[in-house]
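Residue numbers (my numbering), protein chains in the order written: chain A, 46 to 258; chain B, 46 to 258; chain C, 46 to 258; chain D, 46 to 258.
Protein chains: 4
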Amino acid sequence: MDSNRLEAFSDGVFAVAITLLALDLAIGGPGPHQPTLAAKLADHWPAFFAYAVSFATIGIIWVNHHTLCKNFSEIDRTLLFINLLLLFFVVCIPFATSTIAAYLRADGGQSSLAAVIYQGVLEGMSISFTLLFWWAISREHLRDPLTPDQARRATIRFGIGQAGYIIGIGIAFASAIASLALSGIVAIYHIFEQTPVRPKAPPDQGTPATPAT
Amino acid sequence: MDSNRLEAFSDGVFAVAITLLALDLAIGGPGPHQPTLAAKLADHWPAFFAYAVSFATIGIIWVNHHTLCKNFSEIDRTLLFINLLLLFFVVCIPFATSTIAAYLRADGGQSSLAAVIYQGVLEGMSISFTLLFWWAISREHLRDPLTPDQARRATIRFGIGQAGYIIGIGIAFASAIASLALSGIVAIYHIFEQTPVRPKAPPDQGTPATPAT
Amino acid sequence: MDSNRLEAFSDGVFAVAITLLALDLAIGGPGPHQPTLAAKLADHWPAFFAYAVSFATIGIIWVNHHTLCKNFSEIDRTLLFINLLLLFFVVCIPFATSTIAAYLRADGGQSSLAAVIYQGVLEGMSISFTLLFWWAISREHLRDPLTPDQARRATIRFGIGQAGYIIGIGIAFASAIASLALSGIVAIYHIFEQTPVRPKAPPDQGTPATPAT
Amino acid sequence: MDSNRLEAFSDGVFAVAITLLALDLAIGGPGPHQPTLAAKLADHWPAFFAYAVSFATIGIIWVNHHTLCKNFSEIDRTLLFINLLLLFFVVCIPFATSTIAAYLRADGGQSSLAAVIYQGVLEGMSISFTLLFWWAISREHLRDPLTPDQARRATIRFGIGQAGYIIGIGIAFASAIASLALSGIVAIYHIFEQTPVRPKAPPDQGTPATPAT
């Protein structure tokens, strides 16, 4: 199977990015003029909130990437570069997360700017994933090709996810917190809405489905 | 085999988290008003202690994860998300470790709070692992299914581990150091008590066991 | 296949290095005497510029490494050490990137020095990759050996890439920004110019090509 | 093959540790009271020196680990924990490296202490690797078992490597720089002296050797 190394490298990037997220949770040690640990933790809630949303987002894009890749029958050079574009945005997520965590309560439009950056990075990731998906189905690189109906439903589903991030950009101008919360809701939406690659073989098919791996 | 990529991503997260633990060992360079290296190292013992306990804990959960995963016959989407929940807590361990190391000797209940957070993260990890185990045995996703007796013994064993972390939360209010030490003991307990997945085929079986890989 | 672990380790290093690049994007939180987020981001453009160039460079060397490795029929100890030399330079890229980002606008020849270091690291990486390629073709370690004509064209192509970095060193003395931009152009050049390992079997061959994996 | 995941996790740890080494190369940005970049780089030579030695050391232990693991016919639980012990020391290397780099020129015995810690970590890593090797040959877990003569030669070779680190501890009290240089020499020694696992099948054997993977 040819997609092994694409997955290995991508998994490495996903794993490092998701683990680096937690570096921003760090709070300094105790000191003479420092607030107590409890006060620091309470004050630090934007970091925990942003961490949870970003963890869920990277986790879900990993699950969907996994579901898509194991259905690839062939990897061409264009696919590798679209995948790199996806990873470019994934690698930006820890930066976007620490920025929104630091500026979530800042005034003068700074929180909105941080939220716009955050949503922009997620939107970039989502568009890259959609490109990956489209390239795969348009070049018939899938082991279990989608029916036109499945492809249509998948496109609608991707559109909903991306619309979520675009609405998130709009909401960012009103409230950075609401915008970040929306990203959390989009993540939860993706948990229950599966990327429709590799459908189960319908029971009326007489021949056994192609083995998946 | 379908669990390859689940393992690859999980291994990546485990590997990054376990290696990031050591970042907190760092002590600053020499300087005009700095204590000597020996004094700094002696003063820095909570970081070394917390590092050793957390390394052992992540190491053991990795070994058990490895033992469980190689027995999975099928990975479904729910399993992927339970696994993400497990990784969520694993990724929190470097944060919890640096917090308890920094506050282990702080007063005013701060050390207890740090220890409660630490034990809470380990408890969350342990519960997630138990969920992973239960899901696998309840859906008959194991290549070598457990006998009811083995499943009962495994549940008891998981319970002991989790009870250890819950007791650790209780002890945290009396002594953060004792609580951290207890986590070290739980880790050592898990070294000698194996997750009972993939039992050896009993010698009285007439047919050869299913090959493991 | 013997190159599995060479690739797994290399992928790990590539993945960590490419993800660490983004750590330098971090900007501090808001504060009483701090400029606004927008001002900080605008002032921070060298970090974003250097990040984009370095991401593209590591991404492309990964794609080429992937293309080369999957054609290896045998890995010997020398190959492992040449690969380590390549990784030595890859690991240096986050350092070189943060240095050029910090000094891109510094005066007194400091920006030139930073750009020379940056180009030197990329040149070292490029030379190591060429060594890897030469060792593989000279020892006939390739599953699909190159024709002399293909090997010649490949050598010319590597030469162009390396010349780019050497010219980049020269340009660094005039303008660090132009030098960094040139590295970006070299990266884009490599996107469209493929490492010519594993050519497609010409259509006039009567026998099917050796399967790739 | 059963050693896949042991290798994947170990490779992850090796890859992260070797890449984190370079984080200590970072030098701050320019500033009003800062020395120039050239002066900073010149002053920073212990970090570059320590980085080179540690990179070579981790790189070589990875090559030897790779050579050993691919000959494992079976992984038992004890082997997993010996491997974790090895990784424990590998994960300590970035800490030991940054400490020796920071204190290489410090006085009052501090440089010696830093060098003793550094050599101690390398010695711990080396002993763990020898344990891994002994466990594998004593339990006959190797696919290509060693002849008694080969095992004896291997033991001598490991002994030379470990003696190097122990001498390094002794030299540390006289000169931390010489001690660090000795570790570099040990690394170079290991490049040319191969772990003698998986010998080539002698030509007089009538039956073909067991395939390696």
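Using N, Cα and C, we set each Cβ at its ideal position, and we do this for glycine too.
Quantities reported herein were computed from a predicted structural model and do not represent experimental measurements.
DSSP places HIS111 (chain D) in the uninterrupted alpha helix (DSSP H) bounded by 90 to 114. Contact between the region 174 to 193 of chain D and the region 149 to 165 of chain D is absent: fewer than 3 CB-CB pairs across the two stretches fall below 8 angstroms. Judged by beta-carbon spacing, ALA217 (chain B) lies beyond the 8 angstroms limit of SER228 (chain B), meaning their Cβ atoms are not closer than that value. Relative to the Cα of LEU176 (chain B), the nearest Cα in the group B:GLY215, B:HIS110, B:GLY73 belongs to B:HIS110.
The beta-carbon of CYS114 (chain A) is placed no less than 8 angstroms from the nearest beta-carbon of chain C.
Shown in chain order are the members of the region 53 to 80 of chain B whose Cβ falls below 7 angstroms from a Cβ of chain A: ALA53, PHE54, GLY57, VAL58, VAL61, ALA62, LEU65. If you look at PHE117 (chain A), you'll find it isn't in any alpha helix (DSSP H); DSSP assigns it neither H nor E. Residue-level contact check: VAL161 (chain D) does not touch chain B, since none of the beta carbons of chain B fall below 8 angstroms from its beta carbon. From the beta-carbon of ALA83 (chain A), the residues of chain B found nearer than 7 angstroms are LEU158. One Cα belongs to ILE103 (chain C), the other to VAL135 (chain C), and the distance between them is close to 7 angstroms. Beta-bridge analysis with DSSP links LEU187 (chain D) to D:PHE117. In the structure shown, THR123 (chain A) adopts helical secondary structure according to DSSP, grouped into three states. Excluding the 5 residues flanking it on each side, MET170 (chain D) has same chain C-beta neighbours closer than 7 angstroms at ILE106, LEU131, PHE134, VAL135, in chain order. Non-local beta-carbon contacts of GLN155 (chain C) in its own chain, meaning distances under 7 angstroms to residues more than five positions away in sequence, involve TYR148 in chain order. Between VAL108 (chain B) and LEU125 (chain D), the CB-CB gap stays under 8 angstroms.
Its chain contains ALA232 as the residues whose beta carbon lies nearer than 6 angstroms to that of ALA101 (chain D), once the 5 sequence neighbours on both sides are disregarded; these appear in chain order. Contact with chain B is found for GLN155 (chain D), since one of that chain's Cβ atoms lies less than 8 angstroms from the residue's Cβ. Under the three-state reduction of DSSP output, ILE211 (chain A) falls in the helix class. Contact of PHE94 (chain A) with chain C is not assigned, every C-beta pair being separated by 8 angstroms or more.
When the alpha-carbon of SER118 (chain A) is set against those of A:ILE212, A:PHE203, A:ASN49, A:ARG202, the nearest one is in A:ASN49. If you look at ALA221 (chain A), you'll find it in the alpha helix (DSSP H) that goes 221 to 237. Here GLN164 (chain D) is buried: its Cβ has 16 or more other Cβ atoms, across all protein chains shown, within 10 Å. For ILE138 (chain A), the closest alpha carbon among the candidates A:TRP180, A:LEU51, A:ARG202, A:VAL98 is that of A:VAL98. In the DSSP assignment, ALA62 (chain C) falls within the alpha helix (DSSP H) that extends over 49 to 65.
Using a CB distance cut-off of 8 angstroms, ILE236 (chain C) counts as an interface residue toward chain A. PHE100 (chain B) has a beta carbon lying within less than 8 angstroms of a beta carbon in chain D.
Between the C-alpha atoms of ALA71 (chain C) and ARG122 (chain C) there is a straight-line separation of about 40 angstroms.
Secondary structure of LEU149 (chain C) (DSSP, three-state): coil. Counting the other CB atoms within 10 Å of its CB gives ILE211 (chain B) a total below 16, which places it among the exposed residues.
By the Cβ test, the region 53 to 65 of chain A is in contact with the region 54 to 68 of chain B, since at least three Cβ pairs between them sit closer than 8 angstroms. LEU125 (chain C) reaches chain D at VAL108, HIS111, counting residues in chain order whose Cβ is nearer than 8 angstroms.
Of all residues in the region 120 to 151 of chain A, only ARG122, LEU125, PHE126, LEU129, LEU132, PHE133, VAL136, CYS137, PRO139, PHE140, SER143, THR144, ALA147, TYR148, ALA151 come within less than 8 angstroms of chain C when Cβ atoms are compared, listed by chain position.
Ranked by Cα distance from PHE140 (chain B), the options B:ASP69, B:ASP56, B:ILE230 are led by B:ASP69. Exposed is the label assigned to PRO80 (chain C), since fewer than 16 other Cβ atoms lie within 10 Å of its Cβ. Using a Cβ-Cβ cut-off of 9 angstroms, GLY169 (chain D) is close to nothing in chain C; its nearest Cβ partner there is about 22 angstroms away.
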